[in-house]
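Worksheet for the structure shown next.
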Amino acid sequence: MTMILYIAVMAGVTYLIRMIPFTLFKKKIKSRFIQSVLYYIPYAVLSAMTFPAIFYSTGNTVTAVAGTVVAVVLAYFRLPLTVVALSACGVALVAGFIT
Numbered sequence: 025m026t027m028i029l030y031i032a033v034m035a036g037v038t039y040l041i042r043m044i045p046f047t048l049f050k051k052k053i054k055s056r057f058i059q060s061v062l063y064y065i066p067y068a069v070l071s072a073m074t075f076p077a078i079f080y081s082t083g084n085t086v087t088a089v090a091g092t093v094v095a096v097v098l099a100y101f102r103l104p105l106t107v108v109a110l111s112a113c114g115v116a117l118v119a120g121f122i123t
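Residue numbers (the working numbering): 25 to 123.
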């Protein structure tokens, strides 16, 4: 019974998070400043959630930094996501064997 209550509360919260902006902002936002802030919010939130997870994922800061550096460099050169992810994992694995 408590599991159903938990799921119902989570569904309600998720619905409210998605519904409240539609009810508060009925007119189109014309301010360029607010539009630019809203444009970058998803990137900022994604970064804030991802980077701590990257540095604590391996349990060793050296391997995490090595994998991150390789991922950033390969992404800068616009390589496919699969190549970037597998290369970063491989470098983190090899760095783990070395350290």
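For each residue, glycine too, the CB sits at the ideal point set by N, CA and C.
- In this structure, the straight-line span from the alpha carbon of Ile44 to that of Gly36 is close to 12 Å.
- For Leu103, the three-state secondary structure derived from DSSP is coil.
- A contact is defined here as three or more CB-CB pairs under 8 Å, and the stretch 90-103 fails this definition with respect to the stretch 55-67.
- Contact between the stretch 81-96 and the stretch 104-123 is present, with at least three C-beta pairs closer than 8 Å.
- With fewer than 16 neighbouring CB atoms inside 10 Å of its own CB, Thr47 falls in the exposed class.
- The distance from the Cβ of Thr123 to that of Val86 is about 5 Å, consistent with a contact at the 8 Å cut-off.
- Taking Thr82 as the centre and dropping the five residues before and after it, the same chain places the C-beta of Ala88, Gly91, Ala116 and Gly120 closer than 8 Å to its C-beta, in chain order.
- Under the three-state reduction of DSSP output, Gly36 falls in the helix class.
- For the pair Tyr80 and Ile58, the Cα-to-Cα distance works out to about 34 Å.
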